[in-house]
């Protein structure tokens, strides 16, 4: 029973890591940028969701509002910042470093803006369903209806993404723009627009991750930093190139960390994630699903 | 070469004398800011060496500063060693940690290295909460003692901090400048701008990168020890993510390849809280504004600098050297 419930808890937190990993992979594939500002975009969207919840007390309204807000912020970041950056910094030693530094600066900018609007104190909102674990007979397991809701929501988001990517023209353009931008442009794909759509999808996924994770923690301008790091680890496990890999990588990480928390020590969660990150990068840098040479920037 | 070296020594002595006289005429706050300035200069020097020369990026130097800070305090409190010894222990232990990290880092490219070091900056300081020997959230007190009696009775504690920090910063910048103009500095520059030609001409790329990471970590460790001395204590919250951001900003401001420019970067970082206070006062002075405005300004400067001067004035010269 303990084994089973640890697995379920890991699945639930892993679902959230997967969403964050997905957001990072979407941007990486379309723009070759690891978007460190994703944590900032997600926190801004989560605060907007919080605003909706505190006004209307309706979680089910807040989630889509945050998703749309996240998508808009993502698109805005691409249009306003990343396009400018790509135009201005084309070559030279800074070209490789500039995107990293710009997204890092953006993370700081969004965090402090959020702090100026909502203050630094911890906010919280309740989950729409109970956070108390399911009870079987006399035993109560840590896995709660809310954890189940997290898993279902994440699965729905990912299912929608995979349908868009595999079955629609937009998805085809997105994939084409990511892999062969020049040829895609020749074939009539509006690469810039498609990239911005990729950023919007990523922003939406990050926003959902933020809204889902907050009832289990609390909300503050930097409460999603750790999620960013774990999402990055999940994305790297999955190879950074593959959407499916990101989903699997996040879940693998979530389950792995849940077992370490349950059976080894609560203080080892972060060091283990860090060691996993380094080991994956050293031993199999292309990730569990990546092809050879996937690491090249 | 020798001539320019002796001129440089002269410049250092003049700066040291100027700092000494300044510390006697300005008020306490400025003296304390002088100490912070020295901390930033040392921290930025570690980034300039690592990023500007060896071409490796690190967003986790705040975490390395934490290692230095904790090492210095633990050594000072447990073994009762003097300040210089505890600083030396901070350098050595952080360099040791950095050599392990650098071994992994040498195998990682741009965004991967950035993500890994970011993970370190987010996670490592909070790890201190979980070990009672590190004092948890409250941290550990670090008392370096009052200034020696021989300096006079009106010699304040802050001035004592400033003297220690300024001296340490001058020595470190002097040493770093010499490393950067030495064989190793040239190797790093070659490796950074043309890795394949560099390895063809006999430079061991991996070893060279690890060496850069080790030295840079040691310098960051010293900055951490200096920082906790000025704060009188070491806590996990002394090394927030924004500290790592700030020192990267300071280095980027000057185009990351210039130690002298790093001093300007450090000046900007020290001035930002003052400017933010002034602005926050005009904007009504609410706590949430004044607490977040410094971070806002730092981030804004970082973005604008990269967009407007991506390679910095110095860096472009370096590149044209290479292509000629």
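Residue numbers (the working numbering), protein chains in the order written: chain R, 1 to 297; chain W, 1001 to 1324. Just so you know, even glycine gets a beta-carbon here, dropped at the ideal spot from N, CA and C.
At the 9 Å Cβ level, is residue i part of the contact set with chain W, yes or no?
| i | result |
| --- | --- |
| residue 295 of chain R | For residue 295 of chain R, the pLDDT reaches just 40, beneath the cut-off of 50, and the residue's location in the model is therefore unreliable, leaving the point undetermined. |
| residue 28 of chain R | yes |
| residue 84 of chain R | yes |
| residue 169 of chain R | no |
| residue 332 of chain R | Residue 332 of chain R lies beyond the residue range present for chain R, which begins at 1 and ends at 297; the question has no answer from this structure. |
| residue 311 of chain R | Residue 311 of chain R lies beyond the stretch modelled for chain R, which goes from 1 to 297, so this question has no answer here. |
| residue 182 of chain R | no |
| residue 218 of chain R | no |
For chain R, is any of its Cβ atoms less than 9 Å away from the one on residue i?
| i | result |
| --- | --- |
| residue 1094 of chain W | no |
| residue 1287 of chain W | yes |
| residue 1308 of chain W | yes |
| residue 1107 of chain W | yes |
| residue 1254 of chain W | no |
| residue 1314 of chain W | Low confidence applies here, because residue 1314 of chain W scores a pLDDT of 49, under 50, leaving its location unreliable; read the following figure in that light. Answer no: the Cβ-Cβ gap between residue 1314 of chain W and chain R never drops below 9 Å. |
| residue 1025 of chain W | no |
| residue 1118 of chain W | yes |
| residue 1179 of chain W | no |
| residue 1112 of chain W | yes |
By Cβ distance below 8 Å, which residues in the same chain neighbour residue i in space, the five residues on each side in sequence not counted?
| i | result |
| --- | --- |
| residue 1318 of chain W | Note that residue 1318 of chain W scores a pLDDT of 46, beneath 50, so its modelled location is shaky; the value from the coordinates is reported in the next line. Cβ neighbours of residue 1318 of chain W beyond the five flanking positions: 1189, 1193 and 1257. |
Rounding to the nearest angstrom, what Cα-Cα distance links residue i and residue j in this structure?
| i | j | result |
| --- | --- | --- |
| residue 11 of chain R | residue 250 of chain R | 9 Å |
| residue 1226 of chain W | residue 1165 of chain W | 6 Å |
| residue 221 of chain R | residue 1294 of chain W | 15 Å |
| residue 217 of chain R | residue 1176 of chain W | 44 Å |
| residue 1289 of chain W | residue 173 of chain R | 43 Å |
| residue 253 of chain R | residue 1094 of chain W | 29 Å |
| residue 1099 of chain W | residue 283 of chain R | 19 Å |
| residue 72 of chain R | residue 27 of chain R | 14 Å |
| residue 1161 of chain W | residue 29 of chain R | 49 Å |
| residue 1238 of chain W | residue 116 of chain R | 21 Å |
| residue 1044 of chain W | residue 24 of chain R | 29 Å |
| residue 268 of chain R | residue 229 of chain R | 15 Å |
| residue 1235 of chain W | residue 1280 of chain W | 27 Å |
| residue 140 of chain R | residue 3 of chain R | 14 Å |
| residue 271 of chain R | residue 1150 of chain W | 48 Å |
| residue 22 of chain R | residue 39 of chain R | 13 Å |
| residue 1159 of chain W | residue 1217 of chain W | 27 Å |
| residue 1014 of chain W | residue 1252 of chain W | 27 Å |
| residue 50 of chain R | residue 1017 of chain W | 56 Å |
| residue 295 of chain R | residue 191 of chain R | For residue 295 of chain R, the predicted structure reports a pLDDT of 40, less than 50, and the residue's modelled location is therefore unreliable. The matter cannot be settled from this model. |
| residue 1182 of chain W | residue 1283 of chain W | 50 Å |
| residue 273 of chain R | residue 233 of chain R | 7 Å |
| residue 178 of chain R | residue 31 of chain R | 7 Å |
Using a Cβ-Cβ cut-off of 7 Å (strictly less than) and excluding sequence neighbours within five positions of residue i, which residues of its own chain qualify?
| i | result |
| --- | --- |
| residue 9 of chain R | 142, 143, 147 and 258 |
| residue 150 of chain R | 12, 15, 16 and 212 |
| residue 53 of chain R | 59, 62 and 125 |
| residue 1305 of chain W | 1252 and 1253 |
| residue 1050 of chain W | 1056, 1058, 1212, 1213 and 1216 |
Using the Cβ count rule (16 or more neighbours within 10 Å means buried), how would you classify residue i?
| i | result |
| --- | --- |
| residue 1187 of chain W | buried |
| residue 263 of chain R | exposed |
| residue 154 of chain R | buried |
| residue 1148 of chain W | exposed |
| residue 1138 of chain W | exposed |
| residue 168 of chain R | exposed |
| residue 1142 of chain W | buried |
| residue 1263 of chain W | buried |
| residue 193 of chain R | exposed |
Report all residues from its chain with a CB closer than 6 Å to the CB of residue i; omit the five preceding and five following residues, and keep chain order.
| i | result |
| --- | --- |
| residue 165 of chain R | 171 |
| residue 1086 of chain W | 1072, 1075 and 1076 |
| residue 104 of chain R | 36 |
| residue 204 of chain R | 67, 70 and 71 |
| residue 1019 of chain W | 1166 |
| residue 1120 of chain W | 1060 and 1063 |
Answer yes or no: do residue i and residue j have a C-beta to C-beta separation smaller than 9 Å?
| i | j | result |
| --- | --- | --- |
| residue 202 of chain R | residue 74 of chain R | yes |
| residue 65 of chain R | residue 41 of chain R | no |
| residue 81 of chain R | residue 1303 of chain W | yes |
| residue 1255 of chain W | residue 1268 of chain W | no |
| residue 1046 of chain W | residue 1223 of chain W | yes |
| residue 1040 of chain W | residue 1246 of chain W | yes |
| residue 128 of chain R | residue 60 of chain R | yes |
| residue 1272 of chain W | residue 1230 of chain W | no |
| residue 278 of chain R | residue 1116 of chain W | yes |
| residue 7 of chain R | residue 206 of chain R | no |
| residue 281 of chain R | residue 1108 of chain W | yes |
| residue 47 of chain R | residue 100 of chain R | no |
| residue 237 of chain R | residue 255 of chain R | no |
| residue 1179 of chain W | residue 1215 of chain W | yes |
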